[in-house]
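Numbering (this note's numbering), first residue to last: 709 to 895.
In this text, a Cβ means the ideal position worked out from N, Cα and C, and glycines have one as well.
The block underneath contains the structure these notes are about, expressed in structure tokens.
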Amino acid sequence: AGQAAARQLRYYRYMAGERGYECTSGSKIIRADKLEEEWSRIVGRIRLPANWQQRIEELAGDADTRATILKERAEVEERLRRLTQLYKDLLVDEAEYRETRTRLKQQLALLTVPENTELIQAAEYLESLQPLWAAASLEERRTITRMMVQNVYVDVVNERILSITPAPAFAMLLRDVCLAIGVDIAA
């Protein structure tokens, strides 16, 4: 029974030295279950604010704002189409064409319509994260974690998460939770 339990233990290997980071720790492995328990506590503390739907709508913009942006985009796209036609008909020289086209494309890039459906879907996913996490297999938890964080930094000696670099979509939610329990947020 002791050998079976020993075989089930998993470890994360210390990689700082191999990646060129200086570290004075002599440890080369950390028990995975300790770090995973700590990460589970972090995930378990993630909460959406009570007014999350309203906040998403505010961030995504109201219907009038969206309509205005879409109208402006259509106008700029039409100007681009007409500019191209003028250039083809030799009514605009190449320098003016390139300059105007660059300016119009920059305007288009700034006229983006926030996709509140994607934001709402992400928030609904987070709202059900705790039960999903509890029922998830180890591989599913890894997949969820990879969506939420870009990097995890570990205190090898004390076998704890020192800091994380959250994925941009999760930065605000993870920042508050992590700071509350003493895990730093790395840039």
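query: Can you list the alpha helix (DSSP H) stretches of 4 or more residues lying completely in the stretch 808-863, in chain order?
result: Correct list: 824-835, 837-843, 846-856.
- Nearest candidate by alpha-carbon position, reference residue 756, set 729, 834, 861, 868: The shortest C-alpha separation from residue 756 is found at 834.
Simplified DSSP state of residue 884, which is helix, strand or coil:
When secondary structure is reduced to three states using DSSP, residue 884 falls in the helix class.
Notebook entry, point to check: For residue 839, is the classification buried or exposed, using 16 other Cβ atoms within 10 angstroms of its Cβ as the cut-off for buried?
Noted result: In summary, residue 839 is exposed, with fewer than 16 beta-carbon neighbours lying within 10 Å of its beta-carbon over all protein chains present.
_What does the alpha-carbon distance come out to for the pair residue 891 and residue 774?_
Rounded to the nearest whole angstrom, the CA to CA distance from residue 891 to residue 774 is 38 Å.
* To do: Tell me whether residue 880 is buried or exposed, calling it buried when 16 or more other Cβ atoms sit within 10 Å of its Cβ.
  => Label assigned to residue 880: exposed.
Go ahead and label residue 711 buried or exposed: buried means 16 or more other beta carbons lie within 10 angstroms of its beta carbon, across all protein chains shown.
-> For residue 711, the predicted structure reports a pLDDT of 48, less than 50, and the residue's modelled location is therefore unreliable. The matter cannot be settled from this model.
Length of the line joining the Cα atoms of residue 885 and residue 806 = One C-alpha to the other measures close to 49 Å.
Considering only C-alpha positions, which residue in the set 800, 776, 816, 803 is nearest to residue 785? Closest option to residue 785, Cα to Cα, is 816.
- Task: Kindly indicate which residue of 748, 854, 810 has the alpha-carbon position closest to the one of residue 787.
- Result: Closest option to residue 787, Cα to Cα, is 810.
Chain-order list of residues whose beta-carbon lies under 6 Å from that of residue 721 (same chain, five-residue window excluded): Cβ neighbours of residue 721 beyond the five flanking positions: 737.
**OP:** Compute the Euclidean distance between the alpha carbons of residue 852 and residue 798, then round it to the nearest angstrom.
**Re:** If you draw a straight line from the Cα of residue 852 to the Cα of residue 798, it is about 55 Å long.
field: Span of the alpha helix (DSSP H) around residue 743
entry: Per DSSP, residue 743 belongs to the alpha helix (DSSP H) from 740-753.
From residue 778 to residue 863, what distance separates their C-alpha atoms?
-> Distance between the alpha carbons of residue 778 and residue 863: 49 Å.
Option nearest residue 887 by Cα separation, candidates 870, 875, 876, 877: Comparing Cα positions, the closest option is 870.
- Buried or exposed by the 16-neighbour rule on C-beta atoms within 10 Å, applied to residue 728: Answer is exposed; the Cβ neighbour count stays below 16.
- [ ] Tell me whether residue 711 sits in a helix, a strand or coil according to DSSP, three-state version.
- [x] Because the pLDDT at residue 711 is just 48, under 50, the model does not fix this residue reliably, and the point stays unresolved.
task = Using 10 angstroms around the beta-carbon of residue 876, count the other beta-carbons present and answer buried if the total reaches 16, otherwise exposed.
result = Exposed.
Practice item. With residue 870 as the anchor, note down where its beta strand (DSSP E) starts and where it stops. Key: For residue 870, the enclosing beta strand (DSSP E) stretches over residues 868-874.
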